[in-house]
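If you're matching positions, the sequence shown starts at 1 in this note's numbering and goes up one per residue. Note that CB positions come from ideal geometry on N, CA and C, so glycine has one too. First comes the structure, then the notes that go with it.
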Amino acid sequence: MKAYLKNLVELNDNKRSRRFAYFIQFLIIFSVITFSIETLPDLKPQTRVVLNAIEAFCVVIFTFEYLARIYVADSKPKFIFSFFGIVDFLAILPFYLSFGIDLRSLRLLRMFRLFRLFKLVRYNKAIKHFVNAMKLAKEQIILFLIITIMLIYFAAVGIYYFENEAQPEHFSSIFSSLWWSIVTLTTVGYGDVYPITVGGRIFTFFILMIGLGIVAIPTGIISSSLTKAVEPRDEEE
Numbered sequence: 001m002k003a004y005l006k007n008l009v010e011l012n013d014n015k016r017s018r019r020f021a022y023f024i025q026f027l028i029i030f031s032v033i034t035f036s037i038e039t040l041p042d043l044k045p046q047t048r049v050v051l052n053a054i055e056a057f058c059v060v061i062f063t064f065e066y067l068a069r070i071y072v073a074d075s076k077p078k079f080i081f082s083f084f085g086i087v088d089f090l091a092i093l094p095f096y097l098s099f100g101i102d103l104r105s106l107r108l109l110r111m112f113r114l115f116r117l118f119k120l121v122r123y124n125k126a127i128k129h130f131v132n133a134m135k136l137a138k139e140q141i142i143l144f145l146i147i148t149i150m151l152i153y154f155a156a157v158g159i160y161y162f163e164n165e166a167q168p169e170h171f172s173s174i175f176s177s178l179w180w181s182i183v184t185l186t187t188v189g190y191g192d193v194y195p196i197t198v199g200g201r202i203f204t205f206f207i208l209m210i211g212l213g214i215v216a217i218p219t220g221i222i223s224s225s226l227t228k229a230v231e232p233r234d235e236e237e
């Protein structure tokens with residue numbers, strides 16, 4: 001049983017583990033989309049019931065994955081306190097905290113669901129290549145686009161929770177907050193929508209600093225990738 005689970009949950013060179021990995025990736029993206037839909041105002045009660053059912057299903061699968069990884073781990077404490085172990089735990093934590101707790105008074109706890117995005121790091125080859133070494137320009141560009149999209153979404157979620165109550169007309173949902181996120185991270189800053197709370201302004205400061213880096217990163221990525229691509233050819237010659 002343990003060997004079967006190990007071959008299933010750990011990414012190995014077999015169809016079973018690859019299919020399970022694709023399934024988990026699909027659930028991660030799907031659950032993040034439903035998480036965003038939940039913030040839309042005036043949702044029908046029937047829609048919320050469906051969204052809650054989807055969330056419960058996703059959490060059950062993520063919980064199984066988390067417990068299975070602990071079970072098959074050679075060193076259980078090492079996995080639990082590893083980067084992926086913590087991410088897996090935080091991805092399911094808000095659901096279980098919701099039992100007996102009114103999350104309307106602890107709205108920031110729901111942001112932990114955003115950690116599901118980081119679960120993709122385990123499966124995404126481009127990000128793995130970035131961690132190990134930047135090798136090819138194509139892979140690095142894909143990586144940059146993925147990270148940028150994730151940061152845009154992260155910024156939209158953050159500003160929504162800081163500014164929603166103060167400016168419901170501008171930050172009515174995560175989708176409406178995406179406009180602010182895009183113009184801030186790209187350092188365009190049209191100024192039509194801006195934070196007025198202290199927390200929102202502090203959060204914006206850090207997002208602006210990240211935005212400055214985003215503008216400069218592609219040049220470094222491409223230059224480094226080209227250098228690495230040329231070196232093997234020089235050695236062969």
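**Message:** Taking only three categories from DSSP, how would you classify V193?
**Reply:** The three-state secondary structure of V193, taken from DSSP, is coil.
**Enclosing alpha helix (DSSP H) for S31 [first to last residue]** = 15 to 38
**Request:** Count the C-beta pairs between the stretch 12 to 26 and the stretch 140 to 148 that are closer than 8 Å, then say yes if the count reaches three, no if not.
**Result:** Output reads no: the stretch 140 to 148 does not touch the stretch 12 to 26.
**Request:** State the Cα-Cα distance for the pair L212 and Y4, rounded to the nearest angstrom.
**Result:** 47 Å
**Message:** L151 and L185 - do their beta-carbons sit closer together than 8 Å?
**Reply:** yes
**Prompt:** By the 10 Å Cβ neighbour count, where 16 or more other Cβ atoms means buried, how is K2 classified, buried or exposed?
**Reply:** exposed
**Item:** Cβ neighbours of E65 in the same chain (closer than 8 Å, five flanking residues each side left out)
**Value:** V9, I24, D88
**Prompt:** Excluding the five sequence neighbours on either side, which residues of its own chain have a C-beta within less than 6 Å of the C-beta of R104, listed in chain order?
**Reply:** Residue confidence for R104 is low, a pLDDT of 48 falling below 50, so the modelled location carries little weight; the figure read from the coordinates is stated next. Closer than 6 Å at the Cβ level, and outside the excluded window around R104, lies no residue.
**Message:** Are the CB atoms of F162 and A36 within a distance shorter than 8 Å?
**Reply:** Looking at the sequence provided, one finds Ser at residue 36 rather than Ala. No, these two residues do not count as a Cβ contact at 8 Å.
**Request:** Helix, strand or coil for N52, going by three-state DSSP, please let me know.
**Result:** DSSP places N52 in the helix class (H, G or I) of the three-state scheme.
**Message:** Using the Cβ count rule (16 or more neighbours within 10 Å means buried), how would you classify K119?
**Reply:** buried
**Asked** Quick one: Cα of A73 to Cα of L117, how far?
**Response** 22 Å
**Message:** I need the straight-line Cα distance from L106 to T63, nearest angstrom please.
**Reply:** At L106 the pLDDT is 47, less than 50, meaning the model places this residue with poor confidence and gives no usable figure here.
**Prompt:** Exposed or buried, which one is F95 when buried takes at least 16 other CB atoms within 10 Å?
**Reply:** buried
**Message:** Please state whether the Cβ-Cβ distance between I70 and F84 is less than 8 Å.
**Reply:** no
**Asked** Given S173, which residues of its chain have a CB within under 6 Å of its CB, disregarding the five upstream and five downstream residues?
**Response** Excluding sequence neighbours, S173 sits near T39, L40.
**Item:** Member of V193, A68, A56 whose CA lies at the smallest distance from the CA of F20
**Value:** Of the listed residues, the one whose Cα sits closest to F20 is A68.
**Asked** Starting from A73 and walking both ways along the alpha helix (DSSP H), at which residues does that stretch end?
**Response** From DSSP, A73 is part of no alpha helix (DSSP H); its letter is neither H nor E.
**Asked** Nearest to P218 by CA position, among S177, L51, L93, I142, is which residue?
**Response** I142
**Request:** Answer with buried or exposed for T47, where buried requires no fewer than 16 other C-beta atoms within 10 angstroms of its C-beta.
**Result:** exposed
**Request:** State the Cα-Cα distance for the pair F81 and S75, rounded to the nearest angstrom.
**Result:** 10 Å
**Request:** Measure the CB-CB distance between A155 and I207 and report whether it falls below 8 Å.
**Result:** With contacts defined by Cβ atoms closer than 8 Å, A155 and I207 form a contacting pair.
**Message:** Closest to V32 by C-alpha separation, out of N7, V157, T204, would be which residue?
**Reply:** V157
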